[in-house]
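Note sheet for the following structure.
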Amino acid sequence: MKLTVVSLVIYTTIFAVLINGYDCKIVQFIFGDSLSDVGNNNYLSKSIARASLPWYGIDFGNGLPNGRFSNGRTVADIVGDAMGLPRPPAFLDPSLNEDVILENGLNYASGGGGILNETGSYFIQRLCLYKQIELYQGTQDLIRGKIGNKEADKFFQEARYVVALGSNDFINNYLMPVYRDSWIYSDETFVPYLTQTLREQLTLLHRLGARQVMVFGLGPMGCIPLQRVLSSSGGCQEKTNKLAQMFNTQTSKLVTELSTSLPNAEFRFGDAYDVVNDVIINPNNYGFSNSDSPCCSLGKIRPALTCIPASTLCKDRRKYVFWDEYHPSDKANELIANEMIKKLGFKHINQTDNAAPSPGPAVAPSSDGN
Ligand SMILES: *[C@@H]1O[C@H](CO)[C@@H](O)[C@H](O)[C@H]1NC(C)=O
1 MKLTVVSLVI
11 YTTIFAVLIN
21 GYDCKIVQFI
31 FGDSLSDVGN
41 NNYLSKSIAR
51 ASLPWYGIDF
61 GNGLPNGRFS
71 NGRTVADIVG
81 DAMGLPRPPA
91 FLDPSLNEDV
101 ILENGLNYAS
111 GGGGILNETG
121 SYFIQRLCLY
131 KQIELYQGTQ
141 DLIRGKIGNK
151 EADKFFQEAR
161 YVVALGSNDF
171 INNYLMPVYR
181 DSWIYSDETF
191 VPYLTQTLRE
201 QLTLLHRLGA
211 RQVMVFGLGP
221 MGCIPLQRVL
231 SSSGGCQEKT
241 NKLAQMFNTQ
251 TSKLVTELST
261 SLPNAEFRFG
271 DAYDVVNDVI
281 INPNNYGFSN
291 SDSPCCSLGK
301 IRPALTCIPA
311 STLCKDRRKY
321 VFWDEYHPSD
331 KANELIANEM
341 IKKLGFKHIN
351 QTDNAAPSPG
361 PAVAPSSDGN
């Protein structure tokens, strides 16, 4: 009896595949910087922005470094989990093939990368957004060769996209006097230059088939530990925060405008600026005890650019907003992601294909952190 039901399900499924052709899953393609990198920079042998040493990843899976610039999950991990989507592997992972991409999507995010090509050049190797989109075009060619143009068009149009860059364009470009952009632009001209470049990039992604795109805004980046050590008081850099807010306002407008002007585009913008700002001012209200220094720290010798094996860790990693000089902790990422989910308004995706009977309640996505 049980066997009959099982074979019925199998026959129905096979039948559905025969009718609909290749039955593609909904997956994600992620474009970003170190806040979303899941290992690409570890394969860039010359990059000096890598999360390849302890204590990165200490609260994720087996606890070994996995390329994430955090102790645990990224914001994109948590948002994707909430939508019921698989976590896409790093594009540069040499074990990838078409089947893995069709099942899981891809993540092109790279530590040090920016919206602008020139951002982060001091990291020597990183993938800027234009380069990431170029690599995505290569992925499209690969998938078209495997499943044909018609199915590939559907696969890429149904996929979800994350575009999460911008902080390096300020922190590792405009705000550093070693970069040319810091001499030739002002606050009033640099932010429009950034958003105009982003407009071209989002329009290009749409032309390539992206329809459902989530654009992440910036947090109060003047409050990252690395910015605080710039002032003798140790306070937040208000100029830097103001730039983040200008970027968010202009990018939000841009995304709304593209969403109405481009055919079938469902582009959404989400940021967690206000919540994170409040967490930084009132950490205790959110269960944190520290919001101004990194959990992984070299103490007085700060700022070491990254968390290194010689660093000491804070006692309770769930109570620190920042993991290292730049990046939030797993717990802070969870808070940021929940705010994004509220603002972006995308729903949980039911991956069971319509022809097959429902297999019962979906298993809750596991959180590798905590
Ligand atoms: C940025 O880089 C891409 C390739 O990665 C290139 O095609 C493009 O022309 C560059 N744009 C500018 C303004 O330099």
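Per the UniProt record's numbering, the sequence shown runs over residues 1 to 370. Beta carbons are placed, not taken as given, at the ideal position from N, Cα and C, and that holds for glycine.
>> Quick check: is any heavy atom of ligand 1 less than 7 Å from the C-beta of residue 130?
In response: yes
>> I need the boundaries of the alpha helix (DSSP H) containing residue 212, first residue and last residue.
In response: Not the alpha helix (DSSP H): residue 212 falls in the beta strand (DSSP E), residues 212-216.
> Going by the beta-carbon positions, is the gap between residue 185 and residue 174 smaller than 8 Å?
Replying inline: yes
>> Looking at residue 211: is its Cβ nearer than 8 Å to the Cβ of residue 265?
In response: yes
> Between the Cα of residue 268 and the Cα atoms of 182, 260, 106, which residue gives the shortest distance?
Replying inline: 260
> In terms of alpha-carbon separation, which member of 152, 102, 294 lies closest to residue 312?
Replying inline: 294
>> Does the CB of residue 264 have a neighbour CB from chain D at under 8 Å?
In response: The structure shown contains no chain D; it is built from a single protein chain.
> Roughly how many whole angstroms lie between the Cα atoms of residue 96 and residue 45?
Replying inline: 19 Å
> At what residue ranges does the region 294-354 contain a whole run of the alpha helix (DSSP H), taking only runs of 4 or more?
Replying inline: 330-344
> Using 8 Å as the threshold, is the region 79-87 in touch with the region 130-146, meaning 3 or more CB pairs across them?
Replying inline: no
> What are the start and end residues of the alpha helix (DSSP H) that includes residue 193?
Replying inline: 187-207
>> At a cut-off of 7 Å, would you count residue 134 as near ligand 1, judging by its Cβ distance to the nearest heavy atom?
In response: yes
>> Is it buried or exposed, residue 258, if we count other Cβ atoms within 10 angstroms and call 16 or more buried?
In response: buried
>> For a test of your reading of the model: does the CB of residue 117 fall under 7 Å from any non-hydrogen atom of ligand 1? Yes or no.
In response: yes
>> Spatial neighbours of residue 127 within its chain, please: C-beta separation below 6 Å, excluding the five flanking residues on both sides.
In response: 110, 113
> Secondary structure at residue 130, three-state DSSP: helix, strand or coil?
Replying inline: helix
> How big is the Cα-Cα spacing for residue 76 and residue 82?
Replying inline: 10 Å
>> Going by DSSP in three states, residue 91 sits in which element: helix, strand or coil?
In response: coil
>> Only counting the same chain, and skipping five residues up and downstream in sequence, which positions put a Cβ closer than 6 Å to that of residue 72?
In response: 59, 60, 330, 369
>> Between the alpha carbons of residue 350 and residue 169, how many angstroms are there, rounded?
In response: 36 Å
>> At 3 residues or longer, what runs of the beta strand (DSSP E) sit wholly inside the region 94-150?
In response: 105-107
> Does DSSP put residue 237 in a helix, in a strand, or in coil?
Replying inline: coil
> Which stretch, first to last residue, makes up the alpha helix (DSSP H) that contains residue 80?
Replying inline: 75-83
> For residue 25, which option in 65, 154, 51 has the closest C-alpha, if you only look at C-alpha atoms?
Replying inline: 154
>> Under DSSP, the beta strand (DSSP E) around residue 224 begins and ends at which residues?
In response: Residue 224 -> no beta strand (DSSP E), and no H or E assigned at all.
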